[in-house]
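Here is the structure we will look at, set down as structure tokens.
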Amino acid sequence: EAGVAQSPRYKIIEKRQSVAFWCNPISGHATLYWYQQILGQGPKLLIQFQNNGVVDDSQLPKDRFSAERLKGVDSTLKIQPAKLEDSAVYLCASSKPGLAGGEGWRNNEQFFGPGTRLTVL
Amino acid sequence: DQQVKQNSPSLSVQEGRISILNCDYTNSMFDYFLWYKKYPAEGPTFLISISSIKDKNEDGRFTVFLNKSAKHLSLHIVPSQPGDSAVYFCAASVQNYGQNFVFGPGTRLSVLP
Numbered sequence: 001e002a003g004v005a006q007s008p009r010y011k012i013i014e015k016r017q018s019v020a021f022w023c024n025p026i027s028g029h030a031t032l033y034w035y036q037q038i039l040g041q042g043p044k045l046l047i048q049f050q051n052n053g054v055v056d057d058s059q060l061p062k063d064r065f066s067a068e069r070l071k072g073v074d075s076t077l078k079i080q081p082a083k084l085e086d087s088a089v090y091l092c093a094s095s096k097p098g099l100a101g102g103e104g105w106r107n108n109e110q111f112f113g114p115g116t117r118l119t120v121l
Numbered sequence: 001d002q003q004v005k006q007n008s009p010s011l012s013v014q015e016g017r018i019s020i021l022n023c024d025y026t027n028s029m030f031d032y033f034l035w036y037k038k039y040p041a042e043g044p045t046f047l048i049s050i051s052s053i054k055d056k057n058e059d060g061r062f063t064v065f066l067n068k069s070a071k072h073l074s075l076h077i078v079p080s081q082p083g084d085s086a087v088y089f090c091a092a093s094v095q096n097y098g099q100n101f102v103f104g105p106g107t108r109l110s111v112l113p
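Sequence order for the protein chains is X and P.
Residue numbers for the first sequence follow my numbering, so the first one is 1 and each next one is one higher.
Residue numbers for the second sequence follow my numbering, so the first one is 1 and each next one is one higher.
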């Protein structure tokens, strides 16, 4: 089974430039997540999609960040314009719907891609 | 406001000994907890989980203990192997609110041969 694919793996841009990241989840996974991981911190959820609908984007800085999953499969995350503090690893994860409650949540395990390391100069 | 804390940024243990990684949380609504393991240049991978209806879950060399009254969980690795050297993240969620996990900052484990 192919894992979560992300590209590019590395990106260096100057502040105020735009950047886009791409994610292709595991086939059949309806739920897709974008996380931001700043050095020394744990991943922080930016946005969660269920198929092509947004479930949670409460922590997405909407003045500069946008994400879409138009056909309910792959997704793009965009930053425009970038700031120095956006330097981080951007992780994409996917999961399939599972049973709620108890150990049934084990079926909702999130599978992560390798991430895109963004450096803003 | 850090809802999930891992107060030890790093830990070194000798091969064959026990590794104990700790995690504390502040939100009493959390009822499902996971540990993820991360190697450099890779995404985190799921290791083990526990729901609040249990106080212990075991999978091979890995055991997670949950103390709800103390809002504390720990991951035990016995015996530790050099391949276990990685960053370990604790994550927590409220099941009825879906799969929105809150991650701790991670603990870097080094297992010395």
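Just so it is clear, CB atoms sit at the ideal spot from N, CA and C, and this is done for glycine as well.
{"Item": "Taking the DSSP output, what are the residues bridged to I79/X?", "Value": "V19/X, F65/X"}
{"Item": "When you compare only the Cα positions, how much space is there between I20/P and I77/P?", "Value": "7 Å"}
{"Item": "With distances taken between CB atoms, is the gap from T107/P to S8/P smaller than 9 Å?", "Value": "yes"}
{"Item": "Are the C-beta of A93/X and some C-beta of chain P separated by less than 9 Å?", "Value": "yes"}
{"Item": "Using the beta-carbon count (16 or more within 10 Å), is A92/P buried or exposed?", "Value": "buried"}
{"Item": "Along chain P, which residues have their Cβ under 7 Å away from the Cβ of E109/X?", "Value": "F46"}
{"Item": "Looking at the C-beta of L73/P, does it have a partner C-beta in chain X at a distance below 9 Å?", "Value": "no"}
{"Item": "So for E58/P, helix, strand or coil by DSSP?", "Value": "strand"}
{"Item": "Apart from the five residues just before and just after N51/X, which ones in its own chain have a Cβ nearer than 7 Å to its Cβ?", "Value": "A30, G72"}
{"Item": "Using CA coordinates, which residue listed in S10/P, V4/P, Q6/P is at the minimum distance from C85/P?", "Value": "The amino acid at residue 85/P is misidentified as Cys; the sequence shows Ser. Residue S10/P is the option with its Cα nearest to S85/P."}
{"Item": "Whether or not the stretch 65 to 80 of chain P and the stretch 86 to 96 of chain X are in contact is what I'm after, with contact meaning three or more pairs of Cβ atoms, one per stretch, closer than 8 Å; do they touch?", "Value": "no"}
{"Item": "What is the rounded straight-line gap between the Cα of D31/P and the Cα of E68/X?", "Value": "30 Å"}
{"Item": "Is there a Cβ of chain X sitting closer than 9 Å to that of N7/P, yes or no?", "Value": "no"}
{"Item": "Looking only at DSSP bridge pairs, what is D56/X linked to?", "Value": "Q48/X"}
{"Item": "Excluding sequence positions up to five away, which residues of its chain have a Cβ less than 6 Å from the Cβ of V102/P?", "Value": "Q3, V4, A92"}
{"Item": "Give the interface partners of G83/P over in chain X, defined as CB-CB distance under 9 Å, in chain order.", "Value": "Near G83/P there are no residues of chain X at all, since even the closest Cβ is about 19 Å away, more than 9 Å."}
{"Item": "Bridge partners for R108/P per DSSP, in chain order?", "Value": "S10/P, V87/P"}
{"Item": "Would you report the Cα separation of T76/X and I26/X, rounded to the nearest angstrom?", "Value": "15 Å"}
{"Item": "Find out if the Cβ-Cβ distance for the pair D86/X, L118/X is shorter than 9 Å.", "Value": "yes"}
{"Item": "Closer than 8 Å, Cβ to any Cβ of chain X: which residues of the stretch 40 to 70 of chain P, in chain order?", "Value": "A41, E42, G43, P44, T45, F46, S49, S51, I53"}
{"Item": "Return the Cβ separation of C23/X and V54/X in integer angstroms, given the expectation that the two are a contact with Cβ distance under 8 Å.", "Value": "The pair is not a contact, with the Cβ atoms about 15 Å apart (cut-off 8 Å)."}
{"Item": "Along chain X, in chain order, which residues have C-beta atoms closer than 9 Å to that of F33/P?", "Value": "Under the 9 Å cutoff, chain X gives no residues; its nearest Cβ is about 10 Å from F33/P."}
{"Item": "Cβ of A91/P less than 9 Å from any chain X Cβ?", "Value": "yes"}
{"Item": "Going straight from the alpha carbon of S49/P to that of P79/P, what length do you get?", "Value": "19 Å"}
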